[in-house]
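Taking it in order: structure first as structure tokens, then the write-up.
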Amino acid sequence: MRHLLRYLGHRLYTTWATFWFVMPFVVTYPLQWALSRRPSGHRYLHSLNRGWSRLFIRMWGMPVEVVRHSPLPAGQPCVYVANHSSYIDIPLLFSTIPGWLNIMGKVSLARVPAWGPIFGRAYITVDRDNAMSRGRAMVQARRSLEAGRSVVIFPEGSISKKPGEEMGEFKDGAFQLAIAAGVPLVPVTMPLNHRFMPDVGGLRVRYSPLAITLHAPIFTTGLTAVDAPRLRQQAYDTIASAFRPDARGIPEPSHWRRLPAPPVPPNASHPAQAAKNQELASTNS
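If you count the sequence shown from 1, position 118 lands on 118 in my numbering, and the numbers rise without skipping.
As structure tokens, this is what we get:
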């Protein structure tokens, strides 16, 4: 019975979370589509996306811990670099970071039905396996910064294999961009997103608190391209410093009944017996 109740609770909460994600988008879709068609509407579209993100995160009913280590540079665009652990990373960033943001996302996001074309017109998409696409994305990001619009980049390039525990190797692009544009670099840690919605086959949603840490800006004035590797390592270490050991791993799938224990291999022995056998072997040797 306990397994059945737990299974039903997960299904109900997943339905609730999905409803509050989809419903506001459906209601505002005509306006989002219209705003995405003209560059002059993109600022208003981002404000709408921020409101949408805040609404459904609030309706999910979980606490969100926001830590700001120091004030962000006033009136100056920044390059934000964040760890990538879940599909809710972008909404949490939108709901937390102030100002008009541009975000660099993988090109497959632009292929998502209905929402994808809107994202593709309003933000930066990149095919990380294509050098020309990467170059074009960096040009767009530089122009955004020059226009006073901050840029968010996931330097891992994809969701981590061990979210909240280890990050993939950082790519150089975000750090070269910050140095070339002479803008501050702000590391961002999201240590719990994978506990709410992990990157697994199918939709798996679990009620879990969220947290986001905006670390102190790293100023790039006076740095050159040769400083990019050091800046990259500094950002990596800073982001990793806010990971939480108790948040390692992803939530297991739920089942409506207890699953049978996995069969024991024929040659495997009980741990106690194995220890005894090892003791006897050492005694006889």
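Beta carbons: idealized from backbone N, C-alpha and C, even for Gly.
Within 7 angstroms, strictly: CB atoms of residue i and residue j
{"i": "Val186", "j": "Tyr80", "result": "yes"}
{"i": "Met62", "j": "Tyr207", "result": "yes"}
{"i": "Ala122", "j": "Thr189", "result": "no"}
{"i": "Met138", "j": "Asn83", "result": "no"}
{"i": "Ile212", "j": "Leu101", "result": "no"}
{"i": "Ile118", "j": "Ser36", "result": "yes"}
{"i": "Glu156", "j": "Arg248", "result": "no"}
{"i": "Pro73", "j": "Pro217", "result": "yes"}
{"i": "Thr125", "j": "Ala110", "result": "yes"}
{"i": "Val64", "j": "Leu210", "result": "yes"}
{"i": "Ile153", "j": "Ala180", "result": "no"}
{"i": "Gly75", "j": "Ser150", "result": "no"}
Cross-strand partners of residue i (DSSP beta bridge)
{"i": "Pro187", "result": "Val81"}
{"i": "Gly105", "result": "Thr125"}
{"i": "Ile218", "result": "Leu185"}
{"i": "Ile212", "result": "Val66"}
{"i": "Ser150", "result": "Leu101"}
Distance between residue j and residue i (C-alpha atoms, nearest Å)
{"i": "Val66", "j": "Met1", "result": "38 angstroms"}
{"i": "Met132", "j": "Gln233", "result": "26 angstroms"}
{"i": "Ala228", "j": "Arg142", "result": "16 angstroms"}
{"i": "Leu145", "j": "Val226", "result": "21 angstroms"}
{"i": "Asp246", "j": "Leu192", "result": "10 angstroms"}
{"i": "Lys286", "j": "Pro251", "result": "Since the first residue shown for the chain is 1 and the last is 285, residue 286 is missing from the structure and cannot be characterised."}
{"i": "Thr14", "j": "Arg204", "result": "7 angstroms"}
{"i": "Ser160", "j": "Asp199", "result": "9 angstroms"}
{"i": "Ser269", "j": "Pro253", "result": "Confidence at Ser269 is low in this model, with a pLDDT of 49, below 50, so the placement of that residue is unreliable and no value is reported for it."}
{"i": "Met59", "j": "Ile88", "result": "14 angstroms"}
{"i": "Val107", "j": "His3", "result": "40 angstroms"}
{"i": "Arg344", "j": "Asp127", "result": "No information on residue 344 is available, as it lies outside the stretch 1 to 285 that the chain covers here."}
{"i": "Arg43", "j": "Arg50", "result": "11 angstroms"}
{"i": "Asp129", "j": "Ala147", "result": "28 angstroms"}
{"i": "Pro39", "j": "Ser47", "result": "14 angstroms"}
{"i": "Trp20", "j": "Trp33", "result": "19 angstroms"}
{"i": "Tyr29", "j": "Gly116", "result": "12 angstroms"}
{"i": "Leu140", "j": "Arg134", "result": "Per the sequence presented here, residue 140 reads as Gln, with Leu not at that position. In a straight line, the C-alpha of Gln140 is about 10 angstroms away from that of Arg134."}
{"i": "Leu5", "j": "Ile57", "result": "25 angstroms"}
{"i": "Gly41", "j": "Gly120", "result": "14 angstroms"}
{"i": "Phe219", "j": "Ile90", "result": "24 angstroms"}
Delimiting residues of the alpha helix (DSSP H) encompassing residue i
{"i": "Ser47", "result": "42-59"}
{"i": "Ser36", "result": "2-36"}
{"i": "Leu223", "result": "From DSSP, Leu223 is part of no alpha helix (DSSP H); its letter is neither H nor E."}
{"i": "Phe94", "result": "89-96"}
{"i": "Ala235", "result": "228-240"}
{"i": "Arg195", "result": "193-196"}
Status (buried if at least 16 other CB within 10 Å, exposed otherwise) for residue i
{"i": "Leu177", "result": "buried"}
{"i": "Arg195", "result": "buried"}
{"i": "Ala114", "result": "exposed"}
{"i": "Arg11", "result": "exposed"}
{"i": "Ser86", "result": "buried"}
{"i": "Ala17", "result": "buried"}
{"i": "Ser53", "result": "buried"}
{"i": "Asp237", "result": "exposed"}
{"i": "Leu214", "result": "buried"}
{"i": "Leu45", "result": "buried"}
{"i": "Leu31", "result": "exposed"}
{"i": "Pro163", "result": "buried"}
{"i": "Leu357", "result": "What the structure shows of the chain is the stretch from 1 to 285, and residue 357 is not part of that stretch, so it cannot be assessed."}
{"i": "Ala235", "result": "buried"}
{"i": "Gly202", "result": "exposed"}
{"i": "His69", "result": "exposed"}
Residue-level contact to chain C via CB, residue i, 7 angstroms cutoff
{"i": "Lys106", "result": "Chain labels in this structure do not include chain C; a single protein chain is all it has."}
Boundaries of the beta strand (DSSP E) in which residue i is found, first to last residue
{"i": "Ser133", "result": "It is not in any beta strand (DSSP E) - Ser133 instead sits in the alpha helix (DSSP H) that spans 131-146."}
Contact test: residue i Cβ vs the ligand MN heavy atom, cutoff 6 angstroms
{"i": "Phe154", "result": "Within the structure as shown, the ligand MN is missing, as the structure has no ligands at all."}
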